[in-house]
Structure formats: C-alpha cells, structure tokens
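The opening position of the sequence shown corresponds to residue 1 in the UniProt record's numbering, with each subsequent residue numbered one higher. Below is one structure, written out as structure tokens, with a few remarks after it.
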Amino acid sequence: MAKYDALYKRSIDDKEGFWAEAAEALHWDRKWDKVLDDSNAPYSRWFAGGMLNTCYNALDRHVENGRADQLALIHDSPLTESQQRFTYRELRDAVARFAGLLAKNGVAKGDRVIIYMPMVPEAAIAMLACARLGAIHSVVFGGFASNELATRINDAKPKAIVTASCGIEPGRVIAYKPLLDGAIDLADHKPSFCVILQRPQSPAPLTAGRDLDWQAAMEDVSPHPCVSVAATDPLYILYTSGTTGQPKGIVRDNGGHAVALHWSMKNIYDVEPGEVYWAASDVGWVVGHSYIVYAPLLNGNTTVMYEGKPVGTPDAGAFWRVIAEHKVTTLFTAPTAFRAIRQQDPEGKLLANYDLTHYRALFLAGERCDPDTLVWAQEKLKVPVIDHWWQTETGWSIAANPMGVEPLPVKPGSPTVAAPGWDIRVLDGDGHEVAPGTIGAIVCKLPLPPASLPTLWQAQDRFHEAYLAEYPGFYKTGDAGYIDEDGYIFVMARTDDIINVAGHRLSTGGMEEVLASHPDVAECAVIGVADSLKGQVPLGFVVLNAGCQRVDSEIQAELVKLVREKIGPVAAFKLVAVIKRLPKTRSGKILRRTMRQIADGESFKPPATIDDPAILDEIAAALSGLGYARR
Numbered sequence: 001m002a003k004y005d006a007l008y009k010r011s012i013d014d015k016e017g018f019w020a021e022a023a024e025a026l027h028w029d030r031k032w033d034k035v036l037d038d039s040n041a042p043y044s045r046w047f048a049g050g051m052l053n054t055c056y057n058a059l060d061r062h063v064e065n066g067r068a069d070q071l072a073l074i075h076d077s078p079l080t081e082s083q084q085r086f087t088y089r090e091l092r093d094a095v096a097r098f099a100g101l102l103a104k105n106g107v108a109k110g111d112r113v114i115i116y117m118p119m120v121p122e123a124a125i126a127m128l129a130c131a132r133l134g135a136i137h138s139v140v141f142g143g144f145a146s147n148e149l150a151t152r153i154n155d156a157k158p159k160a161i162v163t164a165s166c167g168i169e170p171g172r173v174i175a176y177k178p179l180l181d182g183a184i185d186l187a188d189h190k191p192s193f194c195v196i197l198q199r200p201q202s203p204a205p206l207t208a209g210r211d212l213d214w215q216a217a218m219e220d221v222s223p224h225p226c227v228s229v230a231a232t233d234p235l236y237i238l239y240t241s242g243t244t245g246q247p248k249g250i251v252r253d254n255g256g257h258a259v260a261l262h263w264s265m266k267n268i269y270d271v272e273p274g275e276v277y278w279a280a281s282d283v284g285w286v287v288g289h290s291y292i293v294y295a296p297l298l299n300g301n302t303t304v305m306y307e308g309k310p311v312g313t314p315d316a317g318a319f320w321r322v323i324a325e326h327k328v329t330t331l332f333t334a335p336t337a338f339r340a341i342r343q344q345d346p347e348g349k350l351l352a353n354y355d356l357t358h359y360r361a362l363f364l365a366g367e368r369c370d371p372d373t374l375v376w377a378q379e380k381l382k383v384p385v386i387d388h389w390w391q392t393e394t395g396w397s398i399a400a401n402p403m404g405v406e407p408l409p410v411k412p413g414s415p416t417v418a419a420p421g422w423d424i425r426v427l428d429g430d431g432h433e434v435a436p437g438t439i440g441a442i443v444c445k446l447p448l449p450p451a452s453l454p455t456l457w458q459a460q461d462r463f464h465e466a467y468l469a470e471y472p473g474f475y476k477t478g479d480a481g482y483i484d485e486d487g488y489i490f491v492m493a494r495t496d497d498i499i500n501v502a503g504h505r506l507s508t509g510g511m512e513e514v515l516a517s518h519p520d521v522a523e524c525a526v527i528g529v530a531d532s533l534k535g536q537v538p539l540g541f542v543v544l545n546a547g548c549q550r551v552d553s554e555i556q557a558e559l560v561k562l563v564r565e566k567i568g569p570v571a572a573f574k575l576v577a578v579i580k581r582l583p584k585t586r587s588g589k590i591l592r593r594t595m596r597q598i599a600d601g602e603s604f605k606p607p608a609t610i611d612d613p614a615i616l617d618e619i620a621a622a623l624s625g626l627g628y629a630r631r
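Written out as structure tokens, the structure reads:
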C-alpha cells in the first residue's frame, strides 16, 4: 500500500497543495485566491475567487484540444430499439443551442431549471446547457409523483422546467405531462415556461402560453457561449429524502466539483481519456450526475447513457451486450443490478455470447455490496470487482479501492480504504474514537474535500443540524460501521430511518405520512427489511381506527396504491400488515429497529423500556403472514 499511503498522507497533510495540483488539469478563466477558504469554518469553500465554466471544461475544452471528432456520448435504448451517438463537437453544438433556447426565454446565471426527464440524450444536453449559462439545474427522477415534484418546485423555484412527453419502462409507457401539470397545479411557485421533448411513443398536448416544443423551439435559436461563474457558485441542486419526509436540496458547487470528479476518473476508476466508460444509473440520481454526465466528459471519455434494465431488455445478457458492442472498459452500477442478473442467469451462461476482452473492471455502489454478489461477479467476469462507498451529499467516493494509484487487495464486504482527501473516523455515542474493529458512527473530519456539499439549498440551519451538529468538527455520514486493523472500512447499516431500495435512498417517514393520510388508518410505521434483489424493501404496519368494519385486504390494496401515487413506483411498496397495535416504549416511541430485526431474522433483546413485550409476538405473527416467518 506504499503508493496509496503516500498519496493519502499528502491529501490529508497538504490539502491545499494536493488539490491545487489536481485543479491545474482544468481550464480556469481566473485562478483562485485561496485553494481552501476556512475563514468561516466549519463552512469551508474550495477555490475561492476562482472563475470557470463546467460546461466549457466538459465539452469546449476537448473540441479545441483535439477531441472534436471523438465520441462523447452514446445513447443506447433497447426499450425503443434505437441508438444515438454524439461527437464532442456535436454534443457541444447541441448544448450551446439549447442554452440559447433557455437564454432566449429569460434563463440567466443563477436561475434554477428543473429537469424532469427519462434517460434520453436531451437530459444530459439540458444539464450541460444550464451549466453553460451558469444556471442551476435540479434533476428530478422521471416519473416521480406530482406531489413529490411539486415539493421540489416550491423549494427550488425554477424559472423553467424541461421534461419529455413520456418515459418508457419494459411493457409500459409512463406519461410525464399529466404528472408535470399536476405538480404545477399543486405548487405555489409557477415556472415561467416549460420545454417538452415530444417522444413518438406518447406525444403530449402542450399548454398554450407556457409550453414550448423542444424541436420547434430549437429551430430558431443561436448558440450561447459559456458564462464564467465563481468556483463557489452552485452548479446544481439534487434533492435527497430527509428523515422528516421533507426533501433536502444538496448543493454542488462548480469548482471543487469539477476538480474532484476529473481527478477521480484516473485515480479511482483508472480510466484514460478516449476510453469508453459506462455508469448504468439514471440522471435523476447522483451517480448519473457525477458519472454519466460530468466526470467522464471532464476526463475526455466516451460516456454511455442506457435506457433499459439489467434484465428483461431483452434478457440477463443486456449489460454484456452493451459492454461488447460499445467496447466499454469500465462499468459502474449498483449491486441490485447484479443480483437481478444472477437471479435470471445464475450460471452466467449468457456471458459466452459476447466478447468482453477489452472490459477491465466493475465498480459497485449505491448500497452495501453483499459478499455473495461480489464473489459471483468476480468468478463470472474474471475482472476486478470493486465495491466503493459514497453518498448524494459527497458527490464522489468517500472510500474506494484506488485502482489508478495502486490496486489493493479486495475484502468482500468492504469498500476498501478512505479515498484521498477523506479523513474517516469511527466514533461512539459520546463522540470518542473507537478501537479498530469496533462498530460506531462513521464520520469524516472537516473540512470535507472538494465536490462535497457546502450547504443545503436555502437551508443553512438544517444543513448544520443534519450533518455537523451531532459531532462538532466532523461530518455525520448517517452510516454505522467500523475500520479494521488494515484501515479497511466496513459500512454496516444506516443510523437513521432512510432505507435503500435498489440503490435509491427513500424516507420511511415520507411513506408513513402517506399511510397516515388514509381515512381508516389510526397510526402506522414503515421499516426497511432485507430483500435479496433490491437490498431493502419497505414494509408497512397500520393500526386501523376503532370501529372500522372494512375488509383488511381492501385497505391494504388502497394503501399500496396510495404510496405508489404519492411517492412513486420507485418506492417498491407492496407489503402492508394490519395489526392491532404498534410496539412502543413507555414514552410512546415506536420500536422500528426491533421490528426490523424480527423481520430480518436477527437476534435482539427487547428494550427495557418496552410497554408490553407480548406485542412482539403479534408483530412476528403479522410478519409471518407476509412471508417473514423468522422469529
């Protein structure tokens, strides 16, 4: 570990020198006054005084320096049986024209634009166009329910919303326009205009005076140049579920973000400019922002954008087909995808149909990778399988195997070691560091490295309370785990009630609010239970109002439908038990953790403060009725 150790030590001992050197690889309109401005600690900022444009660094810089005719973006859609390819010149020109469209209609530096799109090239074009103008984009996962979109509209207050007429899933088309119209009706804030990409699978009627047709509006616009912005200006807002059910707007700056993501492509992923890199995620999530759009383009790679699934489009060989056809060197996806592939093709027989000789590495993140899945992937692919750990808040790896610095031995269950720049500690309940191998709260010593969130959108107090207050001088990750004697990090569980469904972090509190809105429900709880495919799935418990005479199955069906409507299909909410009472402490706290332990078959000790231990037998019986007979 000598090379890694030396690099890591420098990143901690000489932060400014380390990141200044990394920043030299990018184009700056004006160099920074200070690499790290700690004058307002703990609210530190990177590259203060510097000026640049992220879109210029991702596109124009490469066009001007010899990559104009190299492929920048490959869009592959088995759902529509189509592909599109953009060279760096073609992508730059499309982005510049869409930036011109936005500017023509009043979008300027600092304005917000919500992008509510499926996995189509226009989603990336819209993101980069906002960056080109210095506008702040906020991508919302396509198909999110109207009320969830309305919440984000009210918080971000966008001048414009960019969407498509529909999204496409295996076997169905999801109309986006009714969801958008419903969200705007619900929202207090109203956008000045919307741009609608019409897809032939389900064209949408346009709202007169508000909606622009993407193609028609692009016919009469001029390309817009890059607008120089401060390194500390926001690039985007990305909403993540909060424990209260109120989404948190994670802010990403321009300068630190570009520096860290560019640096990560070689040092973490070991990818050289010109190679094909594929992050099989969605632009609605942070992986899509960081590693479908920004990092590969900043590094001069060809990035793959995939509108499909790991299985069913058409089979469990879908990923191998994309890798072989486009000569992908490195794939980044969630363990959920590989569990689905393994479930459909346990022997990996479909691999024999494809030439993967140029394929070098698999990176997994989005949830903890179980050792069985990691070992299966290693055996079948015969390439390094690298689990790494990061969050929406951090924007890139907190812990990883630094493949471009020095590949380290893999320990199944661990995302390896702290990435350079990340000073990771494990603390007990009193804020004291624990011995190696001891489980505690995983925290990161301040200041955080570049690309990490500097704040929450319009919510500095909430930012401090959520991440900095509990452990002064540290960032609270919200994860629990331990560091072993070799410095390997093991992330074991969340320390709050956010659950991870197929790599998507969702709030059980938000689902409880939906269940509680049903007229027959008196009280409820939602927990995340282990699932062999999705990692976790939500499971609801409801206590009905006294005197309710309705059939339980009818209410259960209504509750599943209600969560689907209010939260969206992404919640995968299908299990709900009707029970007589919830297990609680004498103070009234619902024992969600104990319920989860029963469901997952873990050993547990009922809390001393439990009101009535007999209720746990009733919970076990309810779980048995749902297929969780594990007590």
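Note that the Cβ used here is the ideal one computed from N, Cα and C, for glycine as well.
Under the three-state DSSP convention, the category residue i falls into
i           : result
PHE86       : strand
TRP214      : helix
ILE567      : coil
MET119      : coil
LEU356      : coil
TYR488      : coil
ASN500      : strand
residue 640 : Outside the shown range of the chain, which is 1 to 631, sits residue 640, and nothing can be said about it.
TRP376      : helix
ASP188      : coil
TYR291      : helix
TRP32       : coil
PHE18       : helix
GLN278      : The question names Gln, but residue 278 in the sequence shown is Trp. Correct three-state label for TRP278: strand.
CB-CB length for residue i against residue j, believed under 8 Å
i           : j      : result
ILE161      : ILE114 : 5 Å
ALA183      : ILE153 : 6 Å
GLY249      : ALA459 : 7 Å
SER228      : MET51  : 5 Å
ASP37       : ALA48  : 4 Å
GLU379      : THR329 : With 8 Å as the limit, GLU379 and THR329 do not qualify as a contact, their Cβ atoms being about 20 Å apart.
residue 662 : GLU512 : Within the shown structure, residues of the chain are numbered from 1 to 631, placing residue 662 beyond reach of any answer.
HIS262      : ASN299 : 6 Å
ALA258      : ASN57  : 6 Å
Cutoff 6 Å; reference residue i; Cβ partners in own chain excluding five residues on either side
i      : result
ALA280 : TYR306, THR333
ASN401 : ILE386, LEU408, THR416
VAL521 : LEU515, VAL542
ALA94  : ILE125
ARG199 : ALA164, SER165, CYS166
TYR291 : ALA279, PHE332
heavy atom of the ligand ADP below 7 Å from residue i C-beta
i      : result
LYS382 : Judged by which ligands are present, the structure shown has none, so any question about the ligand ADP falls away.
Straight-line gap, residue i to residue j (C-alpha atoms, nearest Å)
i      : j      : result
GLY487 : ALA399 : 11 Å
ALA614 : ARG596 : 17 Å
HIS289 : LYS9   : 29 Å
ARG581 : ASP531 : 25 Å
SER587 : GLU618 : Any reading at SER587 must be qualified, since the residue scores a pLDDT of 46, below 50, and its modelled position is unreliable; no value is offered.
ALA131 : ALA441 : 36 Å
ASP33  : HIS224 : 28 Å
VAL234 : TRP285 : Residue 234 is actually Pro in this sequence, not Val. Distance between the alpha carbons of PRO234 and TRP285: 17 Å.
SER202 : ALA129 : 25 Å
ILE598 : ALA620 : 7 Å
PHE18  : GLY421 : 9 Å
GLY429 : ALA480 : 11 Å
THR240 : PRO606 : 32 Å
ASN353 : ASP370 : 27 Å
TYR482 : GLY535 : 20 Å
VAL578 : TYR176 : 33 Å
ALA324 : ALA318 : 10 Å
VAL410 : VAL491 : 15 Å
VAL443 : HIS388 : 16 Å
LEU623 : LEU539 : 9 Å
GLY601 : SER192 : 52 Å
ALA365 : CYS524 : 31 Å
VAL140 : LYS445 : 31 Å
Own chain, CB closer than 7 Å to residue i, minus 5 neighbours either side, in chain order
i      : result
ALA150 : ALA183, LEU186, ALA187
ILE174 : GLY143, CYS166, GLY167
ALA340 : PRO310, VAL311, LEU533
VAL560 : PHE573, LYS574, VAL576
* Count the CB pairs spanning the segment 102-112 and the segment 319-339 that are closer than 8 Å, and state whether there are at least three. => no
* Asked: Touching or not, the segment 249-267 and the segment 443-463, by the rule of three or more beta carbon pairs under 8 Å?
  -> yes
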